[in-house]
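Just below is one structure, and these are the notes that go with it.
There are 4 protein chains.
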Amino acid sequence: MQGVFPILVTPFDAEERVDEDSLRSVVEFNISAGVHGLGIALGSEILKLTEAERSLVISVVVNQTRGRVPIVVNTGAQANLTAALYSRQAEELGASAVMCLPPSPVSAAEARSYFRAISDTVHIPVFIQDTMTTPVSAGLIRQIAEESEHVRYAKVESPPQPTQVQAAVAASGGLVSIFGGAGGTYLLEELRRGGVGTMPWPSQPHAFVEIWNAWQAGDERRAVEIHEREIAPLALLSTAGLRLGHTIHKELLRRRGVIRHARVRAPSDPLDDITTRELDAICDRLGIGSAVA
Amino acid sequence: MQGVFPILVTPFDAEERVDEDSLRSVVEFNISAGVHGLGIALGSEILKLTEAERSLVISVVVNQTRGRVPIVVNTGAQANLTAALYSRQAEELGASAVMCLPPSPVSAAEARSYFRAISDTVHIPVFIQDTMTTPVSAGLIRQIAEESEHVRYAKVESPPQPTQVQAAVAASGGLVSIFGGAGGTYLLEELRRGGVGTMPWPSQPHAFVEIWNAWQAGDERRAVEIHEREIAPLALLSTAGLRLGHTIHKELLRRRGVIRHARVRAPSDPLDDITTRELDAICDRLGIGSAVA
Amino acid sequence: MQGVFPILVTPFDAEERVDEDSLRSVVEFNISAGVHGLGIALGSEILKLTEAERSLVISVVVNQTRGRVPIVVNTGAQANLTAALYSRQAEELGASAVMCLPPSPVSAAEARSYFRAISDTVHIPVFIQDTMTTPVSAGLIRQIAEESEHVRYAKVESPPQPTQVQAAVAASGGLVSIFGGAGGTYLLEELRRGGVGTMPWPSQPHAFVEIWNAWQAGDERRAVEIHEREIAPLALLSTAGLRLGHTIHKELLRRRGVIRHARVRAPSDPLDDITTRELDAICDRLGIGSAVA
Amino acid sequence: MQGVFPILVTPFDAEERVDEDSLRSVVEFNISAGVHGLGIALGSEILKLTEAERSLVISVVVNQTRGRVPIVVNTGAQANLTAALYSRQAEELGASAVMCLPPSPVSAAEARSYFRAISDTVHIPVFIQDTMTTPVSAGLIRQIAEESEHVRYAKVESPPQPTQVQAAVAASGGLVSIFGGAGGTYLLEELRRGGVGTMPWPSQPHAFVEIWNAWQAGDERRAVEIHEREIAPLALLSTAGLRLGHTIHKELLRRRGVIRHARVRAPSDPLDDITTRELDAICDRLGIGSAVA
Numbered sequence: 049m050q051g052v053f054p055i056l057v058t059p060f061d062a063e064e065r066v067d068e069d070s071l072r073s074v075v076e077f078n079i080s081a082g083v084h085g086l087g088i089a090l091g092s093e094i095l096k097l098t099e100a101e102r103s104l105v106i107s108v109v110v111n112q113t114r115g116r117v118p119i120v121v122n123t124g125a126q127a128n129l130t131a132a133l134y135s136r137q138a139e140e141l142g143a144s145a146v147m148c149l150p151p152s153p154v155s156a157a158e159a160r161s162y163f164r165a166i167s168d169t170v171h172i173p174v175f176i177q178d179t180m181t182t183p184v185s186a187g188l189i190r191q192i193a194e195e196s197e198h199v200r201y202a203k204v205e206s207p208p209q210p211t212q213v214q215a216a217v218a219a220s221g222g223l224v225s226i227f228g229g230a231g232g233t234y235l236l237e238e239l240r241r242g243g244v245g246t247m248p249w250p251s252q253p254h255a256f257v258e259i260w261n262a263w264q265a266g267d268e269r270r271a272v273e274i275h276e277r278e279i280a281p282l283a284l285l286s287t288a289g290l291r292l293g294h295t296i297h298k299e300l301l302r303r304r305g306v307i308r309h310a311r312v313r314a315p316s317d318p319l320d321d322i323t324t325r326e327l328d329a330i331c332d333r334l335g336i337g338s339a340v341a
Numbered sequence: 049m050q051g052v053f054p055i056l057v058t059p060f061d062a063e064e065r066v067d068e069d070s071l072r073s074v075v076e077f078n079i080s081a082g083v084h085g086l087g088i089a090l091g092s093e094i095l096k097l098t099e100a101e102r103s104l105v106i107s108v109v110v111n112q113t114r115g116r117v118p119i120v121v122n123t124g125a126q127a128n129l130t131a132a133l134y135s136r137q138a139e140e141l142g143a144s145a146v147m148c149l150p151p152s153p154v155s156a157a158e159a160r161s162y163f164r165a166i167s168d169t170v171h172i173p174v175f176i177q178d179t180m181t182t183p184v185s186a187g188l189i190r191q192i193a194e195e196s197e198h199v200r201y202a203k204v205e206s207p208p209q210p211t212q213v214q215a216a217v218a219a220s221g222g223l224v225s226i227f228g229g230a231g232g233t234y235l236l237e238e239l240r241r242g243g244v245g246t247m248p249w250p251s252q253p254h255a256f257v258e259i260w261n262a263w264q265a266g267d268e269r270r271a272v273e274i275h276e277r278e279i280a281p282l283a284l285l286s287t288a289g290l291r292l293g294h295t296i297h298k299e300l301l302r303r304r305g306v307i308r309h310a311r312v313r314a315p316s317d318p319l320d321d322i323t324t325r326e327l328d329a330i331c332d333r334l335g336i337g338s339a340v341a
Numbered sequence: 049m050q051g052v053f054p055i056l057v058t059p060f061d062a063e064e065r066v067d068e069d070s071l072r073s074v075v076e077f078n079i080s081a082g083v084h085g086l087g088i089a090l091g092s093e094i095l096k097l098t099e100a101e102r103s104l105v106i107s108v109v110v111n112q113t114r115g116r117v118p119i120v121v122n123t124g125a126q127a128n129l130t131a132a133l134y135s136r137q138a139e140e141l142g143a144s145a146v147m148c149l150p151p152s153p154v155s156a157a158e159a160r161s162y163f164r165a166i167s168d169t170v171h172i173p174v175f176i177q178d179t180m181t182t183p184v185s186a187g188l189i190r191q192i193a194e195e196s197e198h199v200r201y202a203k204v205e206s207p208p209q210p211t212q213v214q215a216a217v218a219a220s221g222g223l224v225s226i227f228g229g230a231g232g233t234y235l236l237e238e239l240r241r242g243g244v245g246t247m248p249w250p251s252q253p254h255a256f257v258e259i260w261n262a263w264q265a266g267d268e269r270r271a272v273e274i275h276e277r278e279i280a281p282l283a284l285l286s287t288a289g290l291r292l293g294h295t296i297h298k299e300l301l302r303r304r305g306v307i308r309h310a311r312v313r314a315p316s317d318p319l320d321d322i323t324t325r326e327l328d329a330i331c332d333r334l335g336i337g338s339a340v341a
Numbered sequence: 049m050q051g052v053f054p055i056l057v058t059p060f061d062a063e064e065r066v067d068e069d070s071l072r073s074v075v076e077f078n079i080s081a082g083v084h085g086l087g088i089a090l091g092s093e094i095l096k097l098t099e100a101e102r103s104l105v106i107s108v109v110v111n112q113t114r115g116r117v118p119i120v121v122n123t124g125a126q127a128n129l130t131a132a133l134y135s136r137q138a139e140e141l142g143a144s145a146v147m148c149l150p151p152s153p154v155s156a157a158e159a160r161s162y163f164r165a166i167s168d169t170v171h172i173p174v175f176i177q178d179t180m181t182t183p184v185s186a187g188l189i190r191q192i193a194e195e196s197e198h199v200r201y202a203k204v205e206s207p208p209q210p211t212q213v214q215a216a217v218a219a220s221g222g223l224v225s226i227f228g229g230a231g232g233t234y235l236l237e238e239l240r241r242g243g244v245g246t247m248p249w250p251s252q253p254h255a256f257v258e259i260w261n262a263w264q265a266g267d268e269r270r271a272v273e274i275h276e277r278e279i280a281p282l283a284l285l286s287t288a289g290l291r292l293g294h295t296i297h298k299e300l301l302r303r304r305g306v307i308r309h310a311r312v313r314a315p316s317d318p319l320d321d322i323t324t325r326e327l328d329a330i331c332d333r334l335g336i337g338s339a340v341a
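Residue numbers (this note's numbering), protein chains in the order written: chain V, 49 to 341; chain D, 49 to 341; chain E, 49 to 341; chain A, 49 to 341.
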């Protein structure tokens, strides 16, 4: 697996139930843009879903995707047993790979036992997920992969992301493929340092696929140009407020007509007037939909 | 509600299933010691349980308790909707109160909406849970209580605990009763600053009840004496390693013959030889059980 | 005071002594670009200087500036007495204002006593400096200003910066003027939320002044355009590695011919090959100097 | 070097000047109790002193000590050059060893270059200081020692302290001697795990020396008994408030008649009434001085 793997949002209806039609629509919007895979993870508000809702989301996405691209599902949990259980369930529901962040706080020995337990339970690849609050060092990623046969991928997004991707690639000895995260903000910096994929928001798949293709074709100048025009302004806006990413990218998908409601499951600070106008200005320039709700 | 509310451990059998008999035994051990309430929360490894396991644990504890003391159940979650759902379920299963830590990270406005949503869903008291990683300031506790009719308790355990308890009591205006946590390490410091209860491990309920009774009777010297002899040495040992508390207090309950297995759900670093000998020495002095497994 | 106040770098020679000529050159480069003020602060590696070196840097900058623009000097320290002492010394050396981050960790009462002590010692304005590791909440900024007559400014750069600037402006009641920091990354977002100034690196003063002038003239589109072309790419690169900002902006000043050596006082990770090529590409596009050392 | 190395407080007079007589008195009080060394470090409020005051404190302590025990001086700084400079100055003033915490944040490569620079400048042993906010892993301690000939000691006090001491001892390969810190709270736990020394507050040197001697004589029961009676109650009280340690231990020394004033350099929250009564009760039991100011 490599390339652009957008993390799907979970659209909700006005009663905050999973909006299956809109979810299917996000899947199609991304596959038709040429993405190389799909993800269900933190960006999908997965930690805000009940167990039943998580299974529902996985099933709908698998059913809609029909094998056209691989699907990576976040099944991390606070215990080896529950992470292994959720991972096996995801596999049974049709996931192509699982991705787990370790419990927090955790010793290196505990992290190793955790990924070993998951790897021993599934028959599909396992991603280690490194985040700011649950960092997994480059050396530990390698050690876990040596001990756990299905752990062959890591998504690295503890800051500073490009440096961490580079360290993970260097330590991997070719055993682990390194993806970046962070909304694709540092995609080109990560590719230059050996990253082989990215897991951005699912609101701009065409731009990300274009960047990927330009990079593969050796046209770095063009890749940078698209990133600066399409991705960077939204990345900046997303970090200008607390947890604003979900809200902005759902709103973008709504304006594009992909999902019906932009609602983020509470607690979630709403888009204030100033931020809305900033988003309007960016959408204007990018020719994205209208603000009419 | 006030007094000693031990947080029950969740005993597991060798296959890591909930050991219902041992769980009932922990309930009896504590009630017979004269505790004023029981809790099911982080110390119960609740974050390591599936939704079904959590319901099972609540049901067993409610069934065994038969109304003799109130039961506080941690039902915190990452979303208003799920926290409210789990809270209503706990109430339906027989909980006397729910206790929720806010999602993290969270703005003050989000924290207020979160507790409002929970309060609006239940008919029983709600505890705000303040922890090191999810702090809720004294002023915010008061503001939430003013807006949410069922929020009438807070368990304060962000460091430095006694100072934080004091601030919460001062800000509460009598609207919120403040409990301490932190394994009861600072129980007397908290009582002197207006705390009205504690939520310790469930392995030493007699000692905690004796301390409570001595304090109520005005015999502070005796309260200090018991705390220093019975509680402080284990509190020190529990903080000497990462997340060692669960392991030590389950082992203590096993040695006392209350539960069958001391197993903590992985990932969990085991008791090493040196720590085991340190625990042996403390148990010897306190006349607690034998180390024979 | 308002507008663009670049924080000067402290250039070093090959023996790591302060290079006075290069420092004077950075001052001229910025003043001639039309900046509204200058700063000597964290970006000046001030925490890496001895007391004597700090005084030297202040003296050289004051002497070179000759009153053409105000100079803000960071004089924060771990104690009221030392912060007050360094503040008075800076005033005597010719500083127009001082800027202090509070000690860490600190209670609200301690922060108030700290700024009171500084304010009582000087006759020039005092900036409160809020950072990620030493946050000062919007409400506390207001309270300090009410108690301390010279505290009339705050530089707000704890994340998310624009939201924090907005909160500080709202709480200030017009008593405190709010500047942004963070290398000017969020300058426009901050201006839209009531910020009145920025303290960026001193390597791109023309671009920052142009953005400022466009904003003042109501030409927001042009302001955004310059920011995206000139500032954003370097801001992204600066956050791609740990503490890379000093290294990149000193290198930029060297390539522009403003300073002789780009050396950052150790410990400091050097620019690796990939990052150097990334910087080369940005410099090429912006028409900045040559990479010949 | 091994054993009990109290970190001296810096006594101040009513004008907050260093009170040399009281400082000499603290030195004598500790040496006469039989301590094995003395330290000037964070517990000495060293970060709150000017450069001149630091030199004064070192000189007075060296002069008073007259070679009877070794003196370890904290000379850490944010730059290699300044840490090396302060270390050489400390050596010239008569320090027996220097102790440095690394700058923060810092990469492993930077930490290595930092200690190398210090080691290359002095002719006396260098302690690595590991703290909660500037952690140095066990493996990195070993690597630094291999590269830097004078780095032969580490003071380990990032939590959980006994576990970290154990890891550092295991990784050291006999090349580095490991001391504990944390006010001696975990002294026995650290000794059992291979620690060879402790750096407590200087207010209870007799008790610490007694514990040390009992431990050396193999009488662990007695060591525990003294620790629980003399050290643990004050350790608990010290952690019950933010940065309360300096205030409590200066007050203890004042009550013992060792220093004239208990003043801690501001900002520093004062002892409130409840805490004062708690301290009174502990002093009563330990037979320490009177509360009369």
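C-beta atoms are modelled at their ideal positions from N, C-alpha and C, and glycine is treated no differently.
Helix, strand or coil for residue i? Go by DSSP, reduced to three states.
| i | result |
| --- | --- |
| Arg200(D) | strand |
| Thr246(V) | strand |
| Val66(A) | strand |
| Ser225(A) | strand |
| Gln177(V) | strand |
| Phe53(V) | coil |
| Ala341(V) | For Ala341(V), the predicted model reports a pLDDT of 45, less than 50, meaning its position is unreliable and no value from the coordinates is stated. |
| Thr324(E) | helix |
Can you round the beta-carbon distance between residue i and residue j to whole angstroms, since I take them to be within the 8 Å contact cut?
| i | j | result |
| --- | --- | --- |
| Glu158(A) | Asp317(E) | 6 Å |
| Val121(E) | Met147(E) | 7 Å |
| Pro54(E) | Pro207(E) | Wrong, their Cβ atoms sit about 21 Å apart, outside the cutoff. |
| Gly124(V) | Leu141(V) | Incorrect: roughly 16 Å between the Cβ atoms, too far for contact. |
Report the option in the options whose CA atom is closest to the CA atom of residue i.
| i | options | result |
| --- | --- | --- |
| Gln252(A) | Arg241(A), Val224(A), Pro281(A), Ile226(A) | Pro281(A) |
| Ile119(D) | Leu104(D), Ser152(D), His84(D), Ala100(D) | His84(D) |
| Gly346(V) | Trp260(V), Leu56(V), Leu236(V) | Shown here, chain V extends from 49 to 341; a query on residue 346(V) therefore has no answer. |
| Leu133(A) | Val66(A), Ser103(A), Ser155(A) | Ser103(A) |
| Ala100(E) | Val66(E), Arg72(E), Ala89(E), Val75(E) | Val66(E) |
Under 8 Å (Cβ pairs) to chain A, residues found in the segment 93 to 117 of chain E: Glu93, Leu95, Lys96, Leu97, Thr98, Glu99
Segment contact flag, the segment 114 to 131 of chain E with the segment 282 to 293 of chain A, C-beta cutoff 8 Å, min 3 pairs: no
The segment 223 to 231 of chain A touching the segment 183 to 203 of chain A, judged by at least three CB pairs closer than 8 Å: With a cut-off of 8 Å, the segment 183 to 203 of chain A and the segment 223 to 231 of chain A count as touching, because enough Cβ pairs lie within range.
contact_flag[the segment 212 to 221 of chain E, the segment 299 to 309 of chain V] where n(CB pairs < 8 Å) is 3 or more: no
Contact residues within the segment 232 to 244 of chain E, judged by C-beta distance below 7 Å to chain V: Tyr234, Glu237, Arg240, Arg241
Three-pair Cβ contact test at 8 Å for the segment 175 to 186 of chain A versus the segment 255 to 267 of chain D: no
Interface positions of the segment 127 to 138 of chain V facing chain D (Cβ-Cβ less than 8 Å), listed along the chain: If the cut-off is 8 Å between Cβ atoms, the segment 127 to 138 of chain V has Ala127, Asn128, Leu129, Thr130, Leu133 near chain D.
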